[in-house]
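Take a look at the structure below.
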Amino acid sequence: MTIQELRILPPLAVARLGASSTPLAAYRLDVDAEAALGYRRIVPDETFELRVETGEIARVYVPERIKFRDGDDVRPVAPFLEVFARTADDVLEPLTVEMLAAHGLKPADLSWVVHVGCRKIERRTFDPNDRIEAIVKVVDHARHPVQATCVNFRDGKTLPLGWVQYIRPNEEFPEIRFRFTPAGGHVYGASPSGAPYDPNGPEPPHTDPNVPPERILYDPAKGSWLGYKESGTGSYLLTNPGAIFTSDAEGQSVGYFDDECDGVVSVSLEVAGKKLSAFARIGAGPPTFAPDTIPIRTVADELEQAAFGVAHENPATLAEAEEILRRAVETVRLFNTAALNGNTIQGRTNQTSTMVRQDANDFGRYFEPIMAPAIVDNHAILALHQNVLTALRSGTGAWFTDALRRPEEVGDLSDIGRRKMPAMMRGADGRHLVLTRRQIDAVVMAAMGSLFSDPAEASA
0 MTIQELRILP PLAVARLGAS STPLAAYRLD VDAEAALGYR RIVPDETFEL RVETGEIARV
60 YVPERIKFRD GDDVRPVAPF LEVFARTADD VLEPLTVEML AAHGLKPADL SWVVHVGCRK
120 IERRTFDPND RIEAIVKVVD HARHPVQATC VNFRDGKTLP LGWVQYIRPN EEFPEIRFRF
180 TPAGGHVYGA SPSGAPYDPN GPEPPHTDPN VPPERILYDP AKGSWLGYKE SGTGSYLLTN
240 PGAIFTSDAE GQSVGYFDDE CDGVVSVSLE VAGKKLSAFA RIGAGPPTFA PDTIPIRTVA
300 DELEQAAFGV AHENPATLAE AEEILRRAVE TVRLFNTAAL NGNTIQGRTN QTSTMVRQDA
360 NDFGRYFEPI MAPAIVDNHA ILALHQNVLT ALRSGTGAWF TDALRRPEEV GDLSDIGRRK
420 MPAMMRGADG RHLVLTRRQI DAVVMAAMGS LFSDPAEASA
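Residue numbers (numbering that gives the first Met the number 0): 0 to 459.
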């Protein structure tokens, strides 16, 4: 039972910003078997109730319902991280007070370091003095604020990035845990007026309705974020898509930034004269405003492909293919499909950023809708996906795989190429969205398998 290594699980945890003092309770998403393409059901799940004052978990409970906000304040998603130990028996099990005691140790012998940052400004200006980061060392069970500093901030100003707390184990919950509670999801700025001004002259009076005076953190006299403008089109150093910051009519940054962050939580413990350590990655993103929906392509899909490869070792099931199709429906359901298709709406064309606009701007392609304008009504598209699912389940869905866009086809601007699925959506490279190769493999295997299997068995 000797502790050989430490691990933190999950190794990657994503928090969600929210200004409420009450974190969001746990829930799961269930699919209605009678309405496979309907909305998923949000089902309350087991949740820890934490006494912040003492750092102890008071109880585990299942709430009657899930409440996403308190008034105007969104409830944050505040993940727990748990320490596991790999023992001499090559078993991975939760690190507990009892296991520590067996080695002559106690919870106070563990130490934590949290290193997080918000580097959105530095990513654009390439000025290291624009790096916003915080390092917090934790050896007790108090709740510690994460206050990030930046050389180019105004004197004495810091950016609050949330709180961290080493959970105090007790008799009922003896496991070693840590919690990250993200920030409130606020906008911060550099200019009292919300617009560029000459930092060598007098500062304008505060008139910006988006950022109150106490959230004006950045000093335009020290750094260049206020008034920053991207230059050098096509540079490999720029983000794609570019100019993803709030700017004025001339493309100059108005100095806004937020309290999202990402970084590392590490834990260390000395066992029999040997220092053991482990780390996990944490990040904070915006709230999930469509909590009953899963995007068609997620970070989890990327990680699954990286871990298990582009092809399935065992035949993919029909259920896996259906899940991909279901996520496609859920994603499309959130869209104004007529606008994204490039339709003329109320006599206006090219009225928003779409793939149609990108194709015309980037390559000089003739501006025209991707699909026939008459068939992209949201209800019609949902009906189409329902027909595809029916075909897949009935064993006649092999044609569906030909409609999927392959990664090597993202630059195909022909009519057929642009109409492949997923259509009307942009990927991280600024071109047409494509599923991962592993997702495509699952659909192809399931569709082909449905031709040679009993539909009832395939869907079971």
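The C-beta atom is built at its ideal place from N, Cα and C for all residues, glycine as well.
DSSP three-state label for residue i, please.
i       : result
Val-461 : Lying outside 0 to 459, the shown extent of the chain, residue 461 is not represented and no answer is given.
Leu-170 : As written in the sequence, residue 170 is Glu, which differs from the Leu given in the question. The answer is coil: DSSP assigns Glu-170 none of H, G, I, E or B.
Lys-119 : helix
Met-370 : coil
Phe-362 : helix
Gln-3   : strand
Pro-191 : coil
Thr-157 : coil
Met-444 : helix
Thr-148 : strand
Met-354 : helix
Ile-56  : strand
Gly-262 : strand
Within its chain, find whatever has a CB closer than 7 angstroms to the CB of residue i; leave out the 5 residues flanking it on each side and keep chain order.
i       : result
Asp-218 : Asn-151, Phe-152 and Arg-153
Ala-441 : His-311, Ala-315, Glu-319, Ala-320 and Ile-323
Return the residue from the list the options that minimises the CA-CA distance to residue i.
i       : options                               : result
Ile-120 : Asp-414, Arg-347 and Asp-257          : Asp-257
Ala-271 : Met-447, Lys-66, Leu-99 and Asp-29    : Leu-99
Leu-80  : Gln-164, Val-433 and Val-61           : Gln-164
Ala-402 : Thr-389, Arg-364, Met-424 and Val-443 : Val-443
Asp-358 : Ala-34, Val-145, Gly-308 and Val-409  : Val-409
Ala-25  : Asp-72, Glu-321, Tyr-60 and Tyr-196   : Tyr-60
Leu-324 : Gly-184, Asp-261, Ile-56 and Val-30   : Val-30
Thr-157 : Arg-167, Ile-134, Ile-175 and Asn-199 : Ile-134
His-431 : Thr-389, Asp-361 and Asp-440          : Asp-361
Cys-260 : Ala-35, Gln-251 and Val-145           : Val-145
Ser-19  : Asp-428, Thr-148, Pro-240 and Ala-77  : Ala-77
Tyr-187 : Asn-349, Arg-167 and Tyr-255          : Tyr-255
Please go through the same chain and pick out, in chain order, the residues whose beta-carbon is closer than 6 angstroms to the beta-carbon of residue i, but skip the five residues on each side of it.
i       : result
Pro-173 : Thr-95 and Val-96
Ordered along the chain, which non-local residues of its own chain (more than five positions away) have a Cβ less than 8 angstroms from that of residue i?
i       : result
Glu-301 : Thr-435
His-102 : Thr-1, Ile-2, Val-270 and Ala-271
Thr-330 : Thr-292, Pro-294, Ile-295, Pro-421 and Met-424
Pro-191 : Glu-202, Pro-203, Pro-204, His-205, Thr-206, Asp-207, Pro-212 and Ile-215
Ala-242 : Glu-229 and Gly-250
Phe-125 : Leu-236
Phe-83  : Leu-5, Arg-6, Ile-7, Leu-8, Leu-91, Glu-92, Pro-93 and Leu-94
Those runs of the alpha helix (DSSP H) which lie wholly inside the segment 267 to 332 and span at least 4 residues:
Taking only runs of at least 4 residues, the alpha helix (DSSP H) segments lying wholly in the segment 267 to 332 are 298 to 307 and 317 to 332.
Taking contact to mean at least 3 C-beta pairs separated by less than 8 angstroms, is the segment 13 to 27 in contact with the segment 170 to 189?
yes
Does the contact criterion of 3 or more C-beta pairs under 8 angstroms hold for the segment 41 to 48 versus the segment 111 to 120?
no
With a floor of 4 residues, list each alpha helix (DSSP H) that falls wholly inside the segment 99 to 145, ordered by position along the chain.
Here the runs fully enclosed are 119 to 124.
Do the segment 359 to 378 and the segment 415 to 427 make contact, defined as three or more Cβ pairs closer than 8 angstroms?
yes
I'd like to know if the segment 132 to 143 and the segment 98 to 114 are in contact, where contact means that at least 3 CB-CB pairs between them fall below 8 angstroms.
Judged by Cβ distances under 8 angstroms, the segment 132 to 143 makes contact with the segment 98 to 114, as three or more pairs qualify.
What ranges does the alpha helix (DSSP H) occupy inside the segment 204 to 260, keeping only unbroken runs of at least 4 residues that lie completely in it?
Fully enclosed alpha helix (DSSP H) runs of 4 or longer: not present.
Quick one: any contact between the segment 65 to 75 and the segment 316 to 332, if contact means 3 or more CB pairs under 8 angstroms?
no
Given 8 angstroms, three or more beta-carbon pairs between the segment 187 to 198 and the segment 69 to 89:
no
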